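Student: Before we start, here is the structure in question, set down as C-alpha cells.
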Amino acid sequence: MSSRKITILGATGSVGRATLDLVERAPEGAFEVVALTANHQAEELAQLARRTGAQFCAVAAPEAGPALEAALKDTSIRCAAGPDAICEAARLSADWVMAAIVGAAGLPPTLEAVKRGAAVAFANKEALVCAGDLFMRAAREAQARLLPVDSEHNAIFQAFEERQRDSVRRIILTASGGPFRNWSLEDMGQASPSQAVAHPTWSMGAKISVDSATMMNKGLEIIEACHLFGLPQSDVDVLVHPESIVHGLVEYADGGMLAQLGMPDMRTPIAHALAWPDRIETPVERLDLALLSQLSFEAPDPVRFPALGLARSAFDAGRGAPAIFNAANEVAVAAFLNGQIGFLDIAACVSDSLERGEKDGVASVEPSDFETVLEVDRQGRRLATDAVEQRFR
Ligand code: NAD
Ligand code: MG
Numbered sequence: 010m011s012s013r014k015i016t017i018l019g020a021t022g023s024v025g026r027a028t029l030d031l032v033e034r035a036p037e038g039a040f041e042v043v044a045l046t047a048n049h050q051a052e053e054l055a056q057l058a059r060r061t062g063a064q065f066c067a068v069a070a071p072e073a074g075p076a077l078e079a080a081l082k083d084t085s086i087r088c089a090a091g092p093d094a095i096c097e098a099a100r101l102s103a104d105w106v107m108a109a110i111v112g113a114a115g116l117p118p119t120l121e122a123v124k125r126g127a128a129v130a131f132a133n134k135e136a137l138v139c140a141g142d143l144f145m146r147a148a149r150e151a152q153a154r155l156l157p158v159d160s161e162h163n164a165i166f167q168a169f170e171e172r173q174r175d176s177v178r179r180i181i182l183t184a185s186g187g188p189f190r191n192w193s194l195e196d197m198g199q200a201s202p203s204q205a206v207a208h209p210t211w212s213m214g215a216k217i218s219v220d221s222a223t224m225m226n227k228g229l230e231i232i233e234a235c236h237l238f239g240l241p242q243s244d245v246d247v248l249v250h251p252e253s254i255v256h257g258l259v260e261y262a263d264g265g266m267l268a269q270l271g272m273p274d275m276r277t278p279i280a281h282a283l284a285w286p287d288r289i290e291t292p293v294e295r296l297d298l299a300l301l302s303q304l305s306f307e308a309p310d311p312v313r314f315p316a317l318g319l320a321r322s323a324f325d326a327g328r329g330a331p332a333i334f335n336a337a338n339e340v341a342v343a344a345f346l347n348g349q350i351g352f353l354d355i356a357a358c359v360s361d362s363l364e365r366g367e368k369d370g371v372a373s374v375e376p377s378d379f380e381t382v383l384e385v386d387r388q389g390r391r392l393a394t395d396a397v398e399q400r401f402r
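Laid out in C-alpha cells, this is it:
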C-alpha cells in the first residue's frame with residue numbers, strides 16, 4: 010500500500026482513538042497525519058498531534074483554543090478553534106478522512122471532505138440519517154468514495170458485489186439484541202440507565218449503548234444502509250444475533266448469501282476502511298469458530314422493540330421525518346439517562362415527536378441544504394422536549 014495522507018475528525022472519541030491505534034501500529038511511512046480534530050479536549054488532542062506528527066489540529070469549542078495553542082507552542086503544529094476550524098481541517102489535502110464526530114455537528118466538516126472528492130470513512134451515522142440524500146448527491150458529484158465504518162455497513166460493503174446489484178435481493182444487518190433481549194415488556198418498563206448501558210458484547214459510549222438497548226441504533230442503521238447502498242427500506246432486514254460475530258449479510262437471486270464475520274472490535278471495520286482496497290494487520294483477537302461452536306439468530310420482536318418500525322416509517326415518509334426521528338431519540342435518551350422518563354418512554358417520545366412533526370408541518374420540510382437540516386433538527390428537539398415533559402416522572 011502506498012503512503013496515505015489522513016485526517017481524523019473526532020480524533021479523541023472511541024472511533025477516532027481506535028483509528029489512531031491502527032495508524033500508530035502501521036509500518037513507518039504507511040500513513041501521514043494531516044489533521045486531527047476534537048470538541049474541547051485540547052490537551053488530549055495536542056498530545057495526539059505531537060505523537061502522530063500532525064500538521065494541523067482544531068477544537069470545535071472556541072474556549073478550548075487558548076489551551077490548545079499553549080499545549081503546542083513549542084512545536085510547528087498549526088492549530089485553530091471554532092466550528093470553522095473543523096471545516097478547515099476537513100478541507101486540507103488528505104486523501105482519506107475519518108468522519109467520527111458524533112451527531113449533527115459532523116455534517117458540515119464531513120460534507121467539506123466529500124465535496125473535495127476525498128475518500129471518506131463514514132462512522133457519523135447521524136449525518137446520513139438527517140441528510141442522506143444531500144450526502145449521496147455530493148459524493149456522486151465529487152466522485153468521493155464513501156467507505157462505511159459502522160460494523161454492519163462495513164460488512165455489507167464487503168459482501169455487496171456492485172456489478173451484481175440487480176441480483177441483490179436484500180441485505181441483513183445483525184443486532185446483538187442488547188441487554189434486554191430476553192426481558193419482558195413489564196421489566197423493560199422498570200429498566201434503569203445503568204442496566205441499559207451494560208452492553209453484552211460491544212464496549213461503546215452511553216448514548217449508543219442505550220440505542221442498542223432500545224434498538225434505535227438498528228433503526229438509525231436501517232436508514233444509514235438505505236442511503237449507502239441505494240436500497241428501499243423493505244430490502245433491509247434486521248436479524249438479532251446475540252454473539253455479534255456475523256455483522257452483515259447480502260442475499261443474492263440464486264439463494265446464496267455472503268456474510269462478513271469477525272470479533273466485535275471496531276478496529277476490524279476501521280482497518281478495512283483505512284486500507285481499502287488493500288488490507289492491513291490489526292491486533293484484533295482472531296475468531297475461533299470451533300471454540301465458539303454455536304452462532305444463533307432470531308427475528309426481532311416488534312412489540313418490545315418498536316424502534317425498527319418507527320425508523321422504517323420515518324424513512325418512507327422522507328423529507329424532515331428522519332431528522333426528527335434522530336433528534337427526538339437524542340432528546341429522549343438524554344431524558345432517560347437523567348431519570349426523567351422510563352426506558353419504554355424513549356420510543357413513545359420518538360413516536361409522539363414524529364406525529365407532532367407531521368401535524369405542524371416540520372416533517373414535510375425538504376432538507377435540501379444543511380441550514381434546513383439543522384433547522385429541522387432544532388424543531389425535532391423542541392417537539393421531543395414537549396413529548397418528554399408530558400411523561401415526566
Ligand atoms: P465519541 O463520543 O466517543 O467521540 C466523538 C468525537 O467527536 C470526539 O472526538 C469529540 O471530541 C468529537 N465531537 C463531539 N461533539 C463535537 C462537536 N460539536 N464538534 C466537533 N467535534 C465534536 O463517539 P464515538 O463512539 O467515537 O462515535 C462517533 C460516531 O461513530 C457516531 O456517529 C457513532 O454513532 C458512530 N459509531 C460508533 C461506534 C462505536 O463503537 N463507538 C460504532 C459504530 C458507529
Ligand atoms: Mg453498528
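Heads up: take any position in the sequence shown, counting from 1, add 9, and you land on this note's numbering. A virtual CB, placed ideally from N, CA and C, is assigned to each residue, including glycine. Quick caveat, the model's predicted, so the values are computed rather than measured.
1. Is Leu240 helix, strand or coil when you go by DSSP?
2. With a threshold of 8 Å on Cβ separation, who are the neighbours of Ser12 within its own chain once the five nearest residues in sequence on each side are excluded?
3. Thinking Val371 and Leu346 are a contact (beta carbons under 8 Å), I'd like their distance in whole angstroms, please.
4. Would the beta-carbon of Val106 fall within 7 Å of that of Thr16?
5. Could you give the DSSP three-state label for Lys368: helix, strand or coil?
6. Can you have a look at Leu300 and say buried or exposed, based on whether 16 or more other CB atoms are within 10 angstroms of its CB?
7. Would you please state the rounded distance, in angstroms, between the beta carbons of Glu437 and Arg321? I believe it to be under 8 Å.
8. Which residue spans inside the region 118-142 form an unbroken beta strand (DSSP E) run of at least 3?
9. Check for me: the beta strand (DSSP E) holding Met266 runs from which residue to which?
10. Using CA coordinates, which residue listed in Leu304, Gly115, Ala153, Pro251 is at the minimum distance from Ala69?
11. Taking the Cβ atom as the reference point for each residue, do Val123 and Ala147 lie within a distance shorter than 7 Å?
12. In whole angstroms, what is the alpha-carbon distance linking Ser360 and Ile86?
13. Between the C-alpha atoms of His250 and Gln303, what's the straight-line distance to the nearest angstrom?
14. Determine the extent of the alpha helix (DSSP H) in which His208 is found, giving its start and end residues.
15. Quick test of your reading: Ala237 and Pro157, contact by CB under 8 Å. State the CB separation rounded to the nearest angstrom.
16. Under the DSSP definition of a beta bridge, which residues are partnered with Phe40?
17. Which same chain residues end up closer than 8 Å to Leu296 when comparing Cβ atoms and leaving out the 5 residues on each side of it in sequence?
18. At what residues does the beta strand (DSSP E) containing Glu161 begin and finish?
19. Identify the continuous alpha helix (DSSP H) that holds Met213 and give its terminal residues.
20. If we call anything under 7 Å between Cβ atoms a contact, is Ala343 one with Arg390?
21. With which residues is Ala90 paired in a DSSP beta bridge?
22. Buried or exposed: Glu230, going by 16 or more other Cβ atoms within 10 Å of its Cβ?
23. Which two residues bound the contiguous beta strand (DSSP E) that contains Glu260?
24. Compare the C-alpha of Val24 against each of Glu161, Val206, Pro278, Arg400 and name the closest.
25. For Gln64, count neighbouring C-beta atoms within 10 Å of its own C-beta (all shown protein chains included) and say buried if the count is 16 or more, exposed if not.
26. Can you check which of these residues, Leu81, Thr84, Ala67, is closest to Ala99 by C-alpha distance?
Tutor: The answer reads as follows:
1. Annotated three-state conformation of Leu240 is coil, per DSSP.
2. Here the set comprises Gly38, Ala39, Phe40, Glu41.
3. Actually they do not touch by this definition, with Cβ atoms about 25 Å apart.
4. yes
5. helix
6. exposed
7. Outside the displayed span of the chain (10 to 402) sits residue 437, for which this structure offers no information.
8. 128-131
9. Boundaries of the beta strand (DSSP E) around Met266: 266-270.
10. Gly115
11. In this structure, the beta-carbon distance from Val123 to Ala147 falls below 7 Å.
12. 47 Å
13. When rounded, the distance between both Cα atoms is 11 Å.
14. Here His208 belongs to no alpha helix (DSSP H), and DSSP marks it neither H nor E.
15. In the sequence as presented, Ala is not what sits at residue 237; that position holds Leu. About 6 Å separates the two Cβ atoms, so the contact holds.
16. As a beta-bridge residue in DSSP terms, Phe40 pairs with Arg13.
17. Ile254, Leu270, Gly271, Met272
18. Looking at the DSSP string, Glu161 is not in any beta strand (DSSP E); the run it does join, the alpha helix (DSSP H), is 160-168.
19. Where Met213 is concerned, there is no enclosing alpha helix (DSSP H), given that its DSSP letter is neither H nor E.
20. no
21. Val68
22. buried
23. 255-261
24. Pro278
25. buried
26. Ala67
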